[in-house]
Amino acid sequence: MSDPVIIIGSGVGGYTVAREWRKRDKETALMIISADGAESYSKPMLSNALDKGKPADSLVMADAEKMADNLNADIRSRVRLESINPAQHSVSTTAGEFTYSKLVLSMGANPIRLVFKGNAANEVLSVNNLDDYRLFRDQLQGKKQVTIIGAGLIGCEFANDLCNNDIKVQVIDLSPQPLGRLLPEKMADAVKQSLADLGVCWYLGKSVSEINTHDSGYRLTLDDGSLLDTELILSAVGLQPVTELAATAGFDVQRGIVVNRKLQTSDSDVYALGDCAEVEGLVLPFILPLMNAARTLAANLAGDDVEVSYPAMPVAVKTPAIPLVICPPSAGSQGIWTETDMGVGIQSLCHSPSGDLLGFALSGATVSKKTELAKQIAHWL
Numbered sequence: 014m015s016d017p018v019i020i021i022g023s024g025v026g027g028y029t030v031a032r033e034w035r036k037r038d039k040e041t042a043l044m045i046i047s048a049d050g051a052e053s054y055s056k057p058m059l060s061n062a063l064d065k066g067k068p069a070d071s072l073v074m075a076d077a078e079k080m081a082d083n084l085n086a087d088i089r090s091r092v093r094l095e096s097i098n099p100a101q102h103s104v105s106t107t108a109g110e111f112t113y114s115k116l117v118l119s120m121g122a123n124p125i126r127l128v129f130k131g132n133a134a135n136e137v138l139s140v141n142n143l144d145d146y147r148l149f150r151d152q153l154q155g156k157k158q159v160t161i162i163g164a165g166l167i168g169c170e171f172a173n174d175l176c177n178n179d180i181k182v183q184v185i186d187l188s189p190q191p192l193g194r195l196l197p198e199k200m201a202d203a204v205k206q207s208l209a210d211l212g213v214c215w216y217l218g219k220s221v222s223e224i225n226t227h228d229s230g231y232r233l234t235l236d237d238g239s240l241l242d243t244e245l246i247l248s249a250v251g252l253q254p255v256t257e258l259a260a261t262a263g264f265d266v267q268r269g270i271v272v273n274r275k276l277q278t279s280d281s282d283v284y285a286l287g288d289c290a291e292v293e294g295l296v297l298p299f300i301l302p303l304m305n306a307a308r309t310l311a312a313n314l315a316g317d318d319v320e321v322s323y324p325a326m327p328v329a330v331k332t333p334a335i336p337l338v339i340c341p342p343s344a345g346s347q348g349i350w351t352e353t354d355m356g357v358g359i360q361s362l363c364h365s366p367s368g369d370l371l372g373f374a375l376s377g378a379t380v381s382k383k384t385e386l387a388k389q390i391a392h393w394l
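Residue numbering for the sequence shown is 14 to 394, as defined by the working numbering.
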């Protein structure tokens, strides 16, 4: 019997590759190795599941056993990758060593962990997977105040979700505005005001220096010496692609695991996609690019010779307090933002000096223009 295709990771990327590949190849052996429970669930729902009244288990669409049956796959849950041995076509894991014909790395990204002083520095939570969300929901029981460190996409989405459930929310960020890397000033101000109207207390242009236990909760000391008391702390300061084992194995790693447009690493039998991968300098930790990559990778596993393409793909931010769609300009592009209050929302457009549309942000009813505007932007890849 020939060696199986092995997929490392059972998130949206890993399972989408498996599903798409199985449409073409129903017989070749497939193994999926997952560090978590290998449940199939929608990760984007984690940041607004509270408002939808969904406990962690209700987010599960299929457990590991069901996925194994659906995909005709050997799924190893709660198994961690320890090393990749490309010369031997094998991987070493906490459940032993396995050989592969092709290897797919869909290992995602880990939350960035800031270092704080204080006796409660290690009690800060992050939510990046279903296990994290279970812990967050358990610890949230009976709490009425949560402090979020980070005012990016995930921080703002959680802030909206928590406020909708009558929980007081404080948000701290070093940036002077929410979504600082993604939005121009007027749009950011609108997001700030909309969430403030919902009950969010903003502490912008500040950072946390110390976290200690206090009464039945925590006390945070900010860099300006001010003190904030809270019952639960959630960190949402960004993600770091999981690349260490790929680098140790000798693959080219920069911001992510470097792959070509066929999603191959520097070893042609090893592929990577999703949050852990870098395609021609692009690391795009969003669902639409991931789905494009998964379909391309699956086709190549099945014997095709195709390259991934990334049209401009807007991101819908899950902040019901202010409907918001963002299509950020490509990294390194030079543009000028023009912001217009349309009465039903703000339209922010970023143009190059020659007048080409590079990106946009839309709020309120103007989000209906997202498809029309996205078509005007040159492909990212």
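Just so you know, even glycine gets a beta-carbon here, dropped at the ideal spot from N, CA and C.
Based on Cα-Cα distance, which residue from the options lies nearest to residue i?
i    : options                : result
A312 : S343, L276, S239, N123 : L276
P302 : A325, V283, Y284, L314 : A325
N85  : L148, I300, V18        : V18
C214 : K205, G269, S220       : K205
L371 : S381, G356, Q347, M355 : Q347
Q183 : R194, G163, P197, L195 : G163
E40  : G50, K65, P68, N83     : N83
M58  : V330, K199, G26        : V330
M304 : V25, E95, G218         : V25
T243 : V250, A259, A249, N225 : N225
V73  : S55, S60, D288         : S55
E291 : D280, G368, I270       : I270
H102 : D87, E198, L196, A262  : A262
L375 : K199, S281, W393       : K199
What does the alpha-carbon distance come out to for the pair residue i and residue j?
i    : j    : result
N123 : P99  : 24 Å
Y323 : T384 : 15 Å
N70  : P366 : Looking at the sequence provided, one finds Asp at residue 70 rather than Asn. Cα to Cα, D70 sits roughly 50 Å from P366.
D202 : K382 : 21 Å
M80  : V255 : 24 Å
M120 : G22  : 5 Å
E257 : D64  : 36 Å
S220 : V319 : 45 Å
S229 : A77  : 38 Å
Ends of the beta strand (DSSP E) at residue i?
i    : result
I167 : Here I167 belongs to no beta strand (DSSP E); instead the alpha helix (DSSP H) covers 166-176.
D144 : Taken as a continuous stretch (DSSP letters only), D144 belongs to no beta strand (DSSP E), being part of the alpha helix (DSSP H) at 143-153.
L118 : 115-118
Q253 : 252-254
M74  : 73-75
S279 : Note, S279: premise wrong, no beta strand (DSSP E); not H, not E.
Strictly by DSSP, which residues pair up with residue i?
i    : result
F373 : C340, L362
A259 : DSSP output for A259 lists no bridge partner at all.
M44  : I19, D87
Q190 : Its beta-bridge partners do not exist; DSSP assigns none.
W350 : C363
A122 : P254
S103 : N98, T112
Since residue i and residue j are thought to touch, with beta carbons under 8 Å apart, how far apart are those beta carbons, to the nearest angstrom?
i    : j    : result
L233 : L241 : 5 Å
C169 : L138 : Not a contact, Cβ separation roughly 17 Å.
Start and end of the alpha helix (DSSP H) containing residue i?
i    : result
W34  : 25-37
L301 : 300-314
V384 : With the sequence shown as reference, residue 384 is identified as Thr, and Val is not the correct amino acid for it. Counting along the chain, the alpha helix (DSSP H) containing T384 begins and ends at 383-387.
S60  : Counting along the chain, S60 falls outside any alpha helix (DSSP H), and DSSP gives it neither H nor E.
L211 : 198-211
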